[in-house]
Amino acid sequence: MNKTLSLPIFAVCVCLFFTACIQDTDFDQAEDIALTPVVELDLIYFNLRASDFFDTINSNPILTVRDTTEIKFLDDSSLQESLKRAEFYFRFTNSIPRSFQVDFQFLSETNDTTYVSGTSVSEGTSTTPVITEFVENVEGDDILQLTKANKVVVSVTIPSSDENLEGILNLKSKTTYFLEY
Amino acid sequence: MRNFLTIILSLLGFIAISQNKQILYGLDDVPQSLMLNPGMKVTQKKHYGIPFLSQIHFNGGSSGVSVYDIFKDGNDNINDRITKKIFEMKNTDFFTATQQLELINFGWRAKNEIYFSGGIYQEFDFIAYFPRDMAILAWEGNRDYLNYEFDLGEISTTGDFMTVYHFGVNKQITDKLTVGARIKVYSSMFSYRSVNNAGTFVTTLGDENAENIYEHTVRNADVSVETSGYASLRELDGASQVTSEILGRAFFGGNLGVGVDLGFTYNISEALTLSASAQDVGAIFHSKDVETYRAHGDYTLNGINLVFPPLNQGESTFPYYNNLEDEIEREIPIDTLHNSYTQFRPVKINAGLSFGFGKFNSSGDCDCLNMGGGTLHKQNVGLQFYSILRPKGPQMAGTLFYHRRLTDYLSAKATYTVDSYSFSNVGLGVSADIGKFNVYIAADNLIKYSNLAKAKSVSLQLGFNIIIDEE
């Protein structure tokens, strides 16, 4: 092979390396990439005894008991942006022969109420506990309110109580977070 | 997160592949082939690499997915494509990138017929295995995966940025046998690795006696990231300070290591030649500026247990949430350790069996290129084998090649390679001598060059040398 032929061959090879291209692709699609995980996470649980609703020292009924916990992740800025929907699921198992009113009050760091929810719980019997299920679906503008909260106050109200009242009110709960990044 | 994903996906196929230089191996027209086998037959008398230009090497790849797979122009949704790929890919699929830049390379034949060579190059090497379970968890969440044990042990990645100083000797000791060795000193500028991780995460539906609806359980977790050269960078201010600090380590300022390359070439017969080499048999001893983060333990999360304590006016209840955070930190502590550690280099094995035919006599009567006494063949065909030791075991490649010396100043080598990436990798390398000036370029996956987006790997080496032949 002579020089005149091999130089062009070399040139062609070099050109080949530098003319490589990317075809039939659309990188603007990167804008459309969305992670949409659905996360299931336990929330709160409790076991309230009937005796918790009666002050034996003063012989007075306690009609409302209340407790508060922080849920700091809720007002985290990245969750605020990515949370599209939250579905709370509460399951009460009641063996106290009373119905209950249970309220959930979401508060911001400055103790402003941002979101409220609540349900009534059917009365049970000590032999056959009654299950009450409650689902609270939060989406749209309500999500903005919910994600301003970083704590929740749980209030449990009994219509009447006495020292002979027996049984347990159990709550199990979880939240399904529909996220989009 | 989305930006990060985009960057990773965009890089697929463009950067570089996993260190296999199948075209350069055995290509005796190019002095840098001596870096792949210190025991190859050296045909020149002296060589000098043009500083900073004697070898520029990129190699990048992804065994499970190409850019085209994700970003192709089509009516279907890009998220559906990603979902499909996440489930198609296995936890042994990987992404790699390697880059090397020679600063100096030189060699000469001494009077005792030993060919000495040495130099300095900089290397960046990265590999990440596809953490399939973590990807599914991030992409889909845990709702549809109750009772499924997500494997935290799939996290496996290493990255290194170093300077390598090397010096080698090469000698033809009999008519048939040429051997060589190269000693290397590594100066690691930055290094991290997260390998040998373990543990599972599972969400199970609690039974009647469970405390809450679910149990979220982390079991036998042991996840660590070892870093060297990172801790001191955190305190620096701005990119320019970081850059100057890293470059300062290039000259023996980092963590040092030693290694060796060994190789031989054996002429089984006049036509048949066997060669093999092992590169980077060695280790780096990380003792300076070392920081290891390790999380380990077991934990089951049930949510927050409210106990409704009787409170007087103004009293606050238990700090349930902080207690929960403390409990998690206690059960799965994240420790920062400063233990030295030894990192073995990824050993690379190359071997070749070559059959030559047609006598090549470059300069008429005097066969000047061929001082060794053997025959330089006009054409060679053969097989090559390549293997690199990676965290999850060796990655291997097989190559068929055809090497032809076209004229005394031009030679070319074509390769067909089967590896983890594909069964259709055709490569081509060309080396040209213009006077004493040598230029070479080698690239693989040529079939995909018309659309690089479809390539799962790309490898490219090019460089410029001055070669002085025997007179």
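Chains A and B, in that order, give the protein sequences. The opening residue of the first sequence carries number 19 in our numbering; numbering runs sequentially from there. The opening residue of the second sequence carries number 3 in our numbering; numbering runs sequentially from there. Beta carbons are placed, not taken as given, at the ideal position from N, Cα and C, and that holds for glycine. Keep in mind it's a predicted model, so treat the numbers as computed, not measured.
Check	Outcome
Proximity to Leu430 of chain B [Cα-Cα], best of B:Pro33, B:Ala140, B:Phe403, B:Asn341	B:Phe403
For Ser413 of chain B and Asp31 of chain B, believed in contact at Cβ under 8 Å, the rounded distance	5 Å
Proximity to Asp263 of chain B [Cα-Cα], best of B:Gly120, B:Val432, B:Leu154, B:Leu249	B:Gly120
Through-space distance from Ala137 of chain B to Lys456 of chain B, alpha-carbon basis	23 Å
Cβ contact check for the stretch 344-357 of chain B and the stretch 324-332 of chain B: 3 or more pairs under 8 Å	no
C-beta contact flag for Asn447 of chain B and Val420 of chain B at 9 Å	no
Touch test, the stretch 99-109 of chain B against the stretch 56-69 of chain B, Cβ-Cβ under 8 Å, three pairs minimum	yes
Beta-ladder partner(s) of Tyr343 of chain B, from DSSP	B:His288
Other residues of its chain near Gly143 of chain B: CB distance less than 7 Å, five sequence neighbours each side excluded	none
The stretch 213-229 of chain B: positions lying closer than 9 Å to chain A by Cβ	Glu213, Asn214, Ile215, Tyr216, Glu217, His218
Segment limits, beta strand (DSSP E) that includes Met191 of chain B	179-196
Rounded C-alpha distance that separates Ile443 of chain B from Asn467 of chain B	12 Å
Proximity test, Cβ basis, 9 Å: Leu371 of chain B and chain A	With a pLDDT of only 48 at Leu371 of chain B, under 50, the local geometry of the prediction cannot be trusted, and no value is derived from it.
Residue environment, Leu371 of chain B, which counts as buried when at least 16 other CB atoms sit within 10 Å	The predicted position of Leu371 of chain B is uncertain, since its pLDDT is 48 and thus under 50; no value can be drawn from it.
Pro79 of chain A beta carbon less than 9 Å from that of Ser179 of chain A	yes
Alpha-carbon spacing of Leu391 of chain B relative to Asp282 of chain B, whole angstroms	10 Å
Under the three-state DSSP convention, the category Phe196 of chain A falls into	strand
Three-state class that DSSP yields for Asn222 of chain B in the structure shown	strand
7 Å Cβ cut-off: residues of chain A touching Phe97 of chain B	Neighbours of Phe97 of chain B on chain A: none; closest Cβ ~17 Å, over 7 Å.
Cross-chain neighbours of Tyr323 of chain B in chain A, by beta carbon under 7 Å	Thr87, Glu88, Ile89, Lys90
Sequence ranges, alpha helix (DSSP H) only - wholly within the stretch 131-173 of chain B, length at least 4	134-142
Local Cβ density within 10 Å of Ser459 of chain B, reported as buried at 16 or more and exposed below that	buried
Chain-ordered chain A contacts of Ala140 of chain B [CB-CB under 7 Å]	Leu53, Pro55
Contact set between Arg251 of chain B and chain A, taken where Cβ atoms lie within less than 9 Å	Per Cβ cutoff of 9 Å: no residues; Arg251 of chain B is ~33 Å from chain A at best.
C-beta contact flag for Tyr423 of chain B and Ser65 of chain B at 9 Å	yes
Inter-residue spacing [alpha-carbon to alpha-carbon] between Leu55 of chain B and Gly284 of chain B	27 Å
Partners in chain A for Asp75 of chain B, counting only beta-carbon separations shorter than 8 Å	Asp42, Thr43, Asp44
Any C-beta of chain B under 9 Å from that of Ser191 of chain A	yes
Within chain B, partners of Phe64 of chain A - CB distance below 8 Å	Asn307, Leu308, Val309, Phe310
Distance between Gln124 of chain B and Ile286 of chain B (C-alpha atoms, nearest Å)	15 Å
Identity of the residues DSSP links to Ala353 of chain B by a beta bridge	B:Ala278, B:Phe387
Met398 of chain B, DSSP secondary structure in three states	strand
Buried or exposed (CB count within 10 angstroms, at least 16 for buried), Gly437 of chain B	exposed
Presumed contact (8 Å Cβ cut-off) between Asn168 of chain A and Leu92 of chain A, rounded CB distance	6 Å
Pro133 of chain B, buried or exposed, once every other Cβ within 10 Å from all chains shown has been counted against 16	buried
Same chain, Cβ closer than 7 Å to Ile157 of chain B, neighbours up to 5 away in sequence not counted	Pro133, Met136, Ser196, Asn199, Val225
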